[in-house]
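Chains as they are written, first to last, in the working numbering: chain A, 1 to 284; chain B, 1001 to 1151.
Glycine included, each C-beta is placed from N, C-alpha and C at the ideal position.
Only one structure is covered here, and it is reproduced in the block below.
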Amino acid sequence: MLLREVEYARPATVEEAITLLSEHDGARALAGGQTLVNVMKARAASPDVLVDLADLTELRTISFSADQSALEIGAMVTNTMVISSSEVEVARPILAEVAATIADVQIRNRGTVGGNVCVNDPTNHYPPLLAALGATFTIRSTSGERTASAEEFFVGVYVTAVSEGELLTKISVPTRKPGTGDAMAGITLGAHGTYVASAVATVSSEGVRVALGCVSSVPVRAMVMEERLAGGDLSEAAVRAAAEGLAASLDPPSDVHANAEYRGHLAEVSAVRAVLQAAERAKG
Amino acid sequence: MEINGTSYERDVPASLLLVHFLRDDLDLTGTHVGCDTGSCGACTVQLGDEAIKSCCMLAVQADGASITTVEGLASDEGELTPLQQSFHEYHALQCGYCTPGMLMSATALLEKNPRPSEHEVKVALQGNICRCTGYWNIIEAVVAVGEKGTR
Ligand SMILES: Cc1cc2nc3c(=O)[nH]c(=O)nc-3n(C[C@H](O)[C@H](O)[C@H](O)COP(=O)(O)OP(=O)(O)OC[C@H]3O[C@@H](n4cnc5c(N)ncnc54)[C@H](O)[C@@H]3O)c2cc1C
Ligand code: FES
Ligand code: FES
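The following block contains the structure:
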């Protein structure tokens, strides 16, 4: 497939990248290209300038925040790096577990965490995961740096808090405290395929958080279910009871894989499974 | 960029996909185009030591990188790699359309993990679709290379 003509730059520093992005209308960051290149083939996006982030090594690191309370994942960290990171293994292993189920080896080798969340395709793995884990997103522009919560970051399909001329630089994920359990459950097309419905749960002494994917343009927190589970009874009967009415409270899209009603049902089932597995893991 | 050990310097439009650069500009037609959407793996090449899909990458993104295509596997004298020999012995191809991609994914796997289990081979080849063989012979061929290496 021939792409529309485009200019290309590969800046060496984040400052340079931001300058390029803010100087040109129609400039777009290029991360792993696993979505953007395909979107350009389909002419669904036709940027004039591609600002390749490949050489920004400072965005390719996984480290801990100064007070050790958060794992800081650079936007250009690939799925393959997440899977093999010893920091992730120690501090929040669910990230590696989920990364290993995204698409296939080749796409995991190129695709980045930053690209995945900036696309915010409702079927993507990271948006509900990072919403459930309470991640924070750091965004840089010529005027400085700001942070956004998951609720603020995910705005719509292909739309996030990152606006023109800005760059997502890192994602901070709270490190797992003892007694915390995380799990992702869902229905995929094929073993490691795209999600039709997904749910991520995290269970800790602070309570239960549940985020759903695929049911809206942004991850949806199952607040009522979370509140009902605040008492701490996470038996199967209690979790099922807490999830009751969840499907009916959603307004999910219909497509060839599932109509709205069925997708809502799958989301409810996924939420129950995720909470039960997270509760099991929280026991250690 | 370096391809199969040879340095190439070319001026290309930024819109050119790596797979087209390899096939049309360098005449390395072993790398195939199947789906052109990142789904089938026929276009798989190695970027450094990693398998990647060359239909999902621009040629300019590979500027300065080292690429290996299926043409880079066998020696100049035509001696096959143990993996290629194993594909031959286990009848791991029928029409051959998927084969270059399968070989490149499996080569990257074997470099990291010289004795992969059947499960590890399946995971490594998940991004490669074959319409002919039913996969079984391909998986056996890759596992067999690992087993031979230990004999
Ligand atoms: C066949 C196939 C199947 C897939 N299946 C799944 C799946 O099941 N689940 C899943 O989660 N993903 C899936 N993906 C998507 C994959 O994970 C992508 O790699 C990912 O969504 C995009 O990451 P990228 O690094 O390739 O980003 P790119 O394609 O390079 O960029 C995507 C978008 O994000 C913007 N962007 C990227 N980085 C930044 C940044 N730092 N700051 C600001 N903007 C930025 C770009 O401008 C662009 O608009 C699939 C992809 C393919 C091709
Ligand atoms: S042609 Fe590249 S994955 Fe199918
Ligand atoms: S041998 Fe024909 S597609 Fe694999």
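- Neighbourhood of B:A1051 in chain A, by CB distance below 8 Å: V105, Q106 and N109, in chain order.
- Going by beta carbons, B:L1109 and B:V1121 fall inside the 8 Å limit.
- In terms of Cβ geometry, A:L50 and A:V113 do not form a close pair [threshold 8 Å].
- D1036, T1037, G1038, G1041 and T1044: these are the residues of the region 1026-1048 of chain B whose beta carbon lies less than 7 Å from some beta carbon of chain A, given in chain order.
- Boundaries for A:F64: no alpha helix (DSSP H) harbours it, while the beta strand (DSSP E) harbouring it runs I62 to F64, taken from the DSSP string.
- Using a Cβ-Cβ cut-off of 8 Å, B:L1073 does not count as an interface residue toward chain A, since no Cβ of chain A sits closer than that to its own.
- For B:M1104, the enclosing alpha helix (DSSP H) has its first and last residue at T1099 to K1112.
- A:Q68 does not reach chain B, its nearest Cβ partner there being about 31 Å away, counting only Cβ pairs nearer than 8 Å.
- Under the Cβ criterion of 8 Å, B:P1114 is not counted among the residues facing chain A.
- Non-local beta-carbon contacts of A:A132 in its own chain, meaning distances under 6 Å to residues more than five positions away in sequence, involve V200, T202, R209 and A211 in chain order.
- Judged by DSSP in its simplified three-state form, A:T19 adopts helix.
- When the Cα atoms are used, B:T1037 and A:I62 turn out to be separated by approximately 30 Å.
- Under DSSP, A:M184 forms a beta bridge with A:V200.
- Judged by DSSP secondary structure, A:L167 falls within the beta strand (DSSP E) whose first and last residues are L167 to P174.
- According to the DSSP assignment, B:L1028 belongs to no beta strand (DSSP E), since it is labelled neither H nor E.
- Chain A has a Cβ within less than 8 Å of the Cβ of B:C1056.
- DSSP places A:G144 in the uninterrupted beta strand (DSSP E) bounded by G144 to S149.
- Between the region 129-147 of chain A and the region 1082-1102 of chain B, the count of C-beta pairs closer than 8 Å stays below three; the two stretches do not touch.
- A:E5 reaches chain B at P1013, A1014 and S1015, counting residues in chain order whose Cβ is nearer than 8 Å.
- No heavy atom of ligand 1 is found nearer than 7 Å to the CB of A:G181.
- Assignment of B:S1015 by DSSP, reduced to helix, strand and coil, places it in the coil class.
- B:V1060 reaches chain A at Y8, R10, L50 and D52, counting residues in chain order whose Cβ is nearer than 9 Å.
- The beta carbons of B:V1070 and B:T1031 sit closer together than 8 Å.
- For B:S1007, the nearest beta carbon of chain A is not closer than 8 Å to its own beta carbon.
- Take B:D1063, set aside five residues on each side of it, and the residues of its chain with a beta-carbon closer than 8 Å to its own are M1001, in chain order.
- Nearest C-alpha to A:L30 among A:L56, A:D67 and A:A42: A:L56.
- Of the heavy atoms belonging to ligand 1, at least one sits nearer than 7 Å to the Cβ of A:H125.
- One finds D104, V105 and H192 in chain A with Cβ atoms closer than 7 Å to the Cβ of B:Q1126, taken in chain order.
- Secondary structure of A:E5 (DSSP, three-state): coil.
- Counted as a single uninterrupted DSSP element, the beta strand (DSSP E) harbouring A:L71 occupies residues A70 to G74.
- Under the 8 Å criterion on CB atoms, B:S1066 is classed as non-interfacial with respect to chain A.
- Using a cutoff of 7 Å, the CB of A:C214 does not count as near ligand 1, since none of the ligand's heavy atoms is closer than that.
- In the DSSP annotation of this structure, the continuous segment of the alpha helix (DSSP H) that includes B:Q1084 starts and ends at P1082 to E1089.
- With respect to A:G186, A:S204 sits apart: the two C-beta atoms are not nearer than 8 Å.
- A:S84 sits away from A:S172, with the two beta carbons spaced by 8 Å or more.
- Under the DSSP assignment, B:T1068 falls in the beta strand (DSSP E) whose first and last residues are S1066 to T1068.
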